[in-house]
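Peer 1: So the sequence lines, in the order shown, correspond to chains A and B.
Note that the numbering used here has the first sequence beginning at 422, numbered continuously upward.
Note that the numbering used here has the second sequence beginning at 422, numbered continuously upward.
Ideal Cβ positions, reconstructed from N, Cα and C, are used throughout, including at glycine.
Have a look at this one before I ask anything.
There are 2 protein chains.
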Amino acid sequence: MQVIDSIHALRERLRDERSVVFVPTMGNLHEGHLQLMRIARARGGCLVASVFVNRLQFAPHEDFDRYPRTFEADREQLASCGVDVVFAPDEAQMYPDPQTYFVEPPPLGGQLEGEFRPGFFRGVATVVLKLFNIVRPQVAVFGKKDYQQLMIVRGMVRQLALGIEVVAAETARASDGLALSSRNAYLSASERAEAGRLYRTLQELRSRLVSGERDFAALESESVTKLTKNGWVVDYVAVRKQSDLQSPRLVDQDLVLLAAARLGKTRLIDNIEVSI
Amino acid sequence: MQVIDSIHALRERLRDERSVVFVPTMGNLHEGHLQLMRIARARGGCLVASVFVNRLQFAPHEDFDRYPRTFEADREQLASCGVDVVFAPDEAQMYPDPQTYFVEPPPLGGQLEGEFRPGFFRGVATVVLKLFNIVRPQVAVFGKKDYQQLMIVRGMVRQLALGIEVVAAETARASDGLALSSRNAYLSASERAEAGRLYRTLQELRSRLVSGERDFAALESESVTKLTKNGWVVDYVAVRKQSDLQSPRLVDQDLVLLAAARLGKTRLIDNIEVSI
Chain A
422 MQVIDSIHAL RERLRDERSV VFVPTMGNLH EGHLQLMRIA RARGGCLVAS
472 VFVNRLQFAP HEDFDRYPRT FEADREQLAS CGVDVVFAPD EAQMYPDPQT
522 YFVEPPPLGG QLEGEFRPGF FRGVATVVLK LFNIVRPQVA VFGKKDYQQL
572 MIVRGMVRQL ALGIEVVAAE TARASDGLAL SSRNAYLSAS ERAEAGRLYR
622 TLQELRSRLV SGERDFAALE SESVTKLTKN GWVVDYVAVR KQSDLQSPRL
672 VDQDLVLLAA ARLGKTRLID NIEVSI
Chain B
422 MQVIDSIHAL RERLRDERSV VFVPTMGNLH EGHLQLMRIA RARGGCLVAS
472 VFVNRLQFAP HEDFDRYPRT FEADREQLAS CGVDVVFAPD EAQMYPDPQT
522 YFVEPPPLGG QLEGEFRPGF FRGVATVVLK LFNIVRPQVA VFGKKDYQQL
572 MIVRGMVRQL ALGIEVVAAE TARASDGLAL SSRNAYLSAS ERAEAGRLYR
622 TLQELRSRLV SGERDFAALE SESVTKLTKN GWVVDYVAVR KQSDLQSPRL
672 VDQDLVLLAA ARLGKTRLID NIEVSI
């Protein structure tokens with residue numbers, strides 16, 4: 422496995438590859454990332470993973486500076502998954518000037534996560550486009566854990582004619598259902614014991630939809646109440662259409678239930694799909 | 422010379438090319454475009470020209486619908502310049518959905534042309550990025566006639582890590598100095614006789630800078646007055662730095678003089694560089 426930190430050297434390395442499969446990450450890898458790598462590995466071709474904590478997608482008050490950086494451990498895990506090339510640029514490679522050209526996503530980018538993290542999806546879309554331009558993959562793998570991000574990357578790929586196949590991977594979970602996330606490491610022991618409730622709340626919401634309940638607003642609101650009573654500060658629990666993440670009408674069948682809430686200082690997100 | 426109208430077929434055609442040189446156009450070709458083609462041809466490799474009138478860069482009140490479409494003549498001219506592939510997509514190829522993901526340029530995109538054509542540079546940057554993503558050139562050639570556009574394409578290429586060499590071509594002019602432009606065809610005979618004044622005004626401005634005058638605002642304003650007296654409706658005459666198109670300080674030496682003005686219903690732009 423090669424570790425490459427410059428754009429120029431990476432382009433040289435990949436120049437003659439006929440098929441490149443790409444998994445972008447911000448490092449601090451966990452089993453969820455490794456599942457992405459295995460899905461990518463199974464596609465054949467040259468497997469490139471990137472490790473880059475993207476300042477552009479953090480708001481000023483967010484955790485960019487304390488975001489966990491664990492490159493040596495990440496490198497070993499990537500090697501164990503059969504990654505061929507790790508692209509690990511520093512800030513000066515990715516942002517030699519202050520970034521002033523951005524990919525501006527549609528209004529969806531200002532909803533849900535975008536409402537609570539202004540500029541987040543602009544930052545995500547811009548860095549993902551830059552990484553795509555550098556790596557030039559045929560296939561890229563993203564996790565469903567960041568469902569809205571996946572939708573926005575898919576939209577960008579289609580609308581900017583990038584010609585990349587975007588593969589979605591299921592969310593990896595701990596035994597209590599907590600979606601794996603780098604931010605779980607911020608949880609105290611008692612918060613960690615509580616954290617599984619986010620997924621259970623979404624599961625209960627799903628059960629009630631499956632059994633025929635259709636008052637989406639009431640179901641959302643009950644879920645928020647339940648979490649709040651247990652010490653969560655809820656940003657949203659939302660029933661949305663899978664196709665465009667807008668509010669469903671009664672005829673819509675393929676839905677996704679999304680939630681974001683804080684436990685102490687740690688903000689967690691999760692989602693599950695449901696077809697009714 | 423091949424003419425290709427689908428993205429898929431173009432990608433197939435270019436898959437094994439080691440070096441692609443690209444010249445995007447909106448068709449209605451004149452000698453200025455052909456000079457771009459000759460510069461591109463001299464670079465070797467596979468020469469791709471595109472012909473696509475980009476709705477996204479026209480404001481609602483502008484001339485998208487009446488913009489001249491002359492594909493048969495364009496095709497003959499491109500063949501005579503040694504173009505290998507003409508990419509001539511229709512609207513459905515380039516914009517299968519209404520475009521909702523955009524490249525948002527920096528504040529420069531709202532100045533000069535951007536002040537008078539809101540959304541213009543967002544539309545230009547977005548379509549140029551899409552064309553770059555489709556054609557995947559190593560080299561792209563743009564004319565200095567659209568100086569601000571050239572700057573914005575250069576900025577986008579650098580900041581989005583596109584890895585494309587952007588080559589700038591000098592402005593082609595008629596014998597009276599009028600910069601060649603598709604929009605010159607809109608001029609009446611008397612307007613055409615007057616049109617050369619735009620370039621002469623910039624030349625006079627350049628002479629005065631070269632001879633040591635430094636009151637940029639007064640020089641701009643005198644140029645506007647002169648054009649207005651001769652029947653022009655002036656959007657701007659501006660002395661700017663070549664490096665970033667911002668207003669120069671007295672120490673700046675590499676300047677560009679830019680103007681935009683209407684003669685009847687036709688809006689013309691021009692610019693000349695000067696080092697003082």
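Is the segment 526 to 535 of chain A close to the segment 562 to 572 of chain A, with three or more CB pairs under 8 angstroms?
Peer 2: Cβ pair count under 8 angstroms is three or more, so yes.
Peer 1: Would you check if the distance between the CB atom of V672 (chain B) and the CB atom of F637 (chain B) is smaller than 8 angstroms?
Peer 2: Looking up residue 672 (chain B) in the second sequence gives position 251. Looking up residue 637 (chain B) in the second sequence gives position 216. Not a contact, by the Cβ cut-off of 8 angstroms.
Peer 1: Which residues in chain A sit within 7 angstroms of R594 (chain B), going by Cβ to Cβ distance?
Peer 2: Residue mapping note: residue 594 (chain B) aligns to position 173 of the second sequence, counting from 1. Chain A residues near R594 (chain B): none, gap ~31 angstroms exceeds 7 angstroms.
Peer 1: Helix, strand or coil: which one does DSSP assign to E512 (chain A)?
Peer 2: Residue mapping note: residue 512 (chain A) aligns to position 91 of the first sequence, counting from 1. Here E512 (chain A) sits in helix by DSSP.
Peer 1: Does the segment 453 to 465 of chain B touch the segment 491 to 508 of chain B, meaning 3 or more C-beta pairs lie closer than 8 angstroms?
Peer 2: Yes: the two stretches touch, three or more of their Cβ pairs being nearer than 8 angstroms.
Peer 1: Where do the N-terminal and C-terminal ends of the alpha helix (DSSP H) with A461 (chain B) fall, by residue?
Peer 2: By 1-based counting over the second sequence, the position of residue 461 (chain B) is 40. That run of the alpha helix (DSSP H) goes E452 to A463.
Peer 1: Who are N692 (chain A)'s beta bridge partners in DSSP?
Peer 2: Here residue 692 (chain A) refers to the residue found at position 271 when the first sequence is read from its first residue. DSSP output for N692 (chain A) lists A:L679 as bridge partner(s).
Peer 1: Consider the Cβ of N554 (chain A): report whether some Cβ of chain B lies at a distance smaller than 8 angstroms.
Peer 2: As a first step, residue 554 (chain A) must be located in the first sequence, where it is residue number 133. At least one chain B Cβ lies under 8 angstroms of N554 (chain A).
Peer 1: In the DSSP output, what is G466 (chain A) paired with across the bridge?
Peer 2: Here the question's residue 466 (chain A) lines up with position 45 in the first sequence. G466 (chain A) is not bridged to any residue.
Peer 1: Going by the CB atoms, is the gap between V444 (chain A) and L457 (chain A) shorter than 8 angstroms?
Peer 2: Within the first sequence, numbered from 1, the residue matching residue 457 (chain A) stands at position 36. Within the first sequence, numbered from 1, the residue matching residue 444 (chain A) stands at position 23. It is a contact, given that the beta carbons lie within the stated cut-off.
Peer 1: For the segment 516 to 536 of chain B, which residues have a beta carbon sitting closer than 7 angstroms to at least one beta carbon of chain A?
Peer 2: Result list: D518, Q520, T521, Y522, F523, V524, E525, P526 and P527.
Peer 1: Under 7 angstroms, CB to CB, which of the residues in the segment 570 to 597 of chain B have a partner in chain A?
Peer 2: Residues passing the 7 angstroms Cβ filter: G576, M577, Q580, L581, A582, L583 and G584.
Peer 1: In its own chain, which residues sit with a C-beta less than 7 angstroms from the C-beta of T446 (chain B), not counting the 5 before and 5 after it?
Peer 2: In the second sequence, counting from the first residue as 1, residue 446 (chain B) sits at position 25. Result list for T446 (chain B): H454, A470, S471 and V472, in chain order.
Peer 1: Under a CB-based cut-off of 8 angstroms, is V550 (chain A) close to chain B?
Peer 2: Numbered from its first residue, the first sequence carries residue 550 (chain A) at position 129. It should be noted that the sequence gives Leu, not Val, for residue 550 (chain A). At least one chain B Cβ lies under 8 angstroms of L550 (chain A).
Peer 1: Select from the segment 427 to 441 of chain B all residues with a C-beta closer than 7 angstroms to any C-beta belonging to chain A, and list them in chain order.
Peer 2: If the cut-off is 7 angstroms between Cβ atoms, the segment 427 to 441 of chain B has I428 and R432 near chain A.
Peer 1: Exposed or buried, what is R627 (chain B) when buried is set at 16 or more other beta-carbons lying within 10 Å of its beta-carbon?
Peer 2: For the purposes of this step, residue 627 (chain B) is identified with residue 206 of the second sequence, where counting begins at 1. Under this definition R627 (chain B) is a buried residue.
Peer 1: Contact check, M515 (chain B) vs K551 (chain B) under 8 angstroms by CB: the rounded distance?
Peer 2: For the purposes of this step, residue 515 (chain B) is taken as residue 94 along the second sequence, with counting starting at 1. For the purposes of this step, residue 551 (chain B) is taken as residue 130 along the second sequence, with counting starting at 1. Contact flag correct, Cβ pair sits at about 7 angstroms.
Peer 1: Can a CB atom of chain E be found closer than 8 angstroms to the CB of R688 (chain B)?
Peer 2: No chain E is part of this structure, whose protein chains are labelled A and B.
Peer 1: For the candidate residues A:Y488, A:M422, A:D426 and A:E433, whose alpha-carbon lies nearest to that of Y607 (chain A)?
Peer 2: Reading the first sequence from its first residue, position 186 is the one you call residue 607 (chain A). Looking at the Cα atoms, A:Y488 is the closest of the given residues.
Peer 1: Mind the definition here: the segment 510 to 530 of chain A touches the segment 523 to 532 of chain B only if three or more C-beta pairs lie below 8 angstroms; say whether that holds.
Peer 2: Taking 8 angstroms as the limit for Cβ pairs, the verdict is that the segment 523 to 532 of chain B does touch the segment 510 to 530 of chain A.
Peer 1: Using beta-carbon positions only, say whether I690 (chain B) and A681 (chain B) come within less than 8 angstroms of one another.
Peer 2: If you number the second sequence from 1, residue 690 (chain B) lands on position 269. If you number the second sequence from 1, residue 681 (chain B) lands on position 260. Yes, they are a contact pair.
Peer 1: Ends of the beta strand (DSSP E) at I425 (chain B)?
Peer 2: Locating residue 425 (chain B) in the second sequence gives position 4, where the first residue counts as 1. First-last of the beta strand (DSSP E) with I425 (chain B): Q423 to I425.
Peer 1: Under the DSSP definition of a beta bridge, which residues are partnered with R661 (chain A)?
Peer 2: Numbered from 1 along the first sequence, position 240 holds the residue referred to as residue 661 (chain A). According to DSSP, R661 (chain A) bridges with A:V677.
Peer 1: Taking only three categories from DSSP, how would you classify V645 (chain A)?
Peer 2: Here residue 645 (chain A) refers to the residue found at position 224 when the first sequence is read from its first residue. If DSSP states are grouped into helix, strand and coil, V645 (chain A) belongs with the helices.
Peer 1: Excluding five sequence neighbours on each side, which residues of the same chain lie with their C-beta closer than 6 angstroms to the C-beta of E497 (chain A)?
Peer 2: As a working note, residue 497 (chain A) is residue 76 in the first sequence. Contacts found: none.
Peer 1: Would you mind sorting A561 (chain B) into buried or exposed? The rule is 16 or more other CB atoms within 10 Å of its CB.
Peer 2: Within the second sequence, residue 561 (chain B) is the residue found at index 140, counting from 1. A561 (chain B) is buried by the Cβ-count criterion.
Peer 1: Since V645 (chain A) and R683 (chain A) should fall inside the 8 angstroms C-beta cutoff, what is the C-beta to C-beta distance between them, to a whole number of angstroms?
Peer 2: As a position in the first sequence, residue 645 (chain A) is number 224, starting the count at 1. As a position in the first sequence, residue 683 (chain A) is number 262, starting the count at 1. No, V645 (chain A) and R683 (chain A) are not in contact; Cβ-Cβ is about 13 angstroms, not under 8 angstroms.
Peer 1: Near D675 (chain B), which residues of its chain fall below 6 angstroms by C-beta distance, leaving aside the five closest residues on each side in sequence?
Peer 2: Position 254 of the second sequence holds residue 675 (chain B). Q663 and S696.
Peer 1: How big is the Cα-Cα spacing for E512 (chain B) and F508 (chain A)?
Peer 2: Taking the second sequence and counting its residues from 1, the one referred to as residue 512 (chain B) is at position 91. Taking the first sequence and counting its residues from 1, the one referred to as residue 508 (chain A) is at position 87. C-alpha separation (whole angstroms): 37 angstroms.
Peer 1: P528 (chain A) by DSSP, collapsed to three states: which one?
Peer 2: The residue you call residue 528 (chain A) lines up with position 107 of the first sequence. Here P528 (chain A) sits in helix by DSSP.
Peer 1: Quick check on the burial criterion: 16 or more other C-beta atoms within 10 angstroms. Buried or exposed for E591 (chain B)?
Peer 2: Along the second sequence, one-based indexing puts residue 591 (chain B) at 170. Exposed, by the Cβ-count rule.
Peer 1: Round the Cβ separation of I555 (chain B) and A582 (chain A) to the nearest angstrom and send it over; I've been treating them as touching at under 8 angstroms.
Peer 2: One-based indexing of the second sequence puts residue 555 (chain B) at position 134. One-based indexing of the first sequence puts residue 582 (chain A) at position 161. Indeed they touch by this definition, with Cβ atoms about 5 angstroms apart.
Peer 1: Comparing alpha-carbon positions, which option in B:K647, B:V474 and B:Q478 lies nearest T491 (chain B)?
Peer 2: Residue numbering aside, residue 491 (chain B) sits at position 70 when the second sequence is read from its first letter. The residue with the shortest Cα to Cα distance from T491 (chain B) is B:V474.
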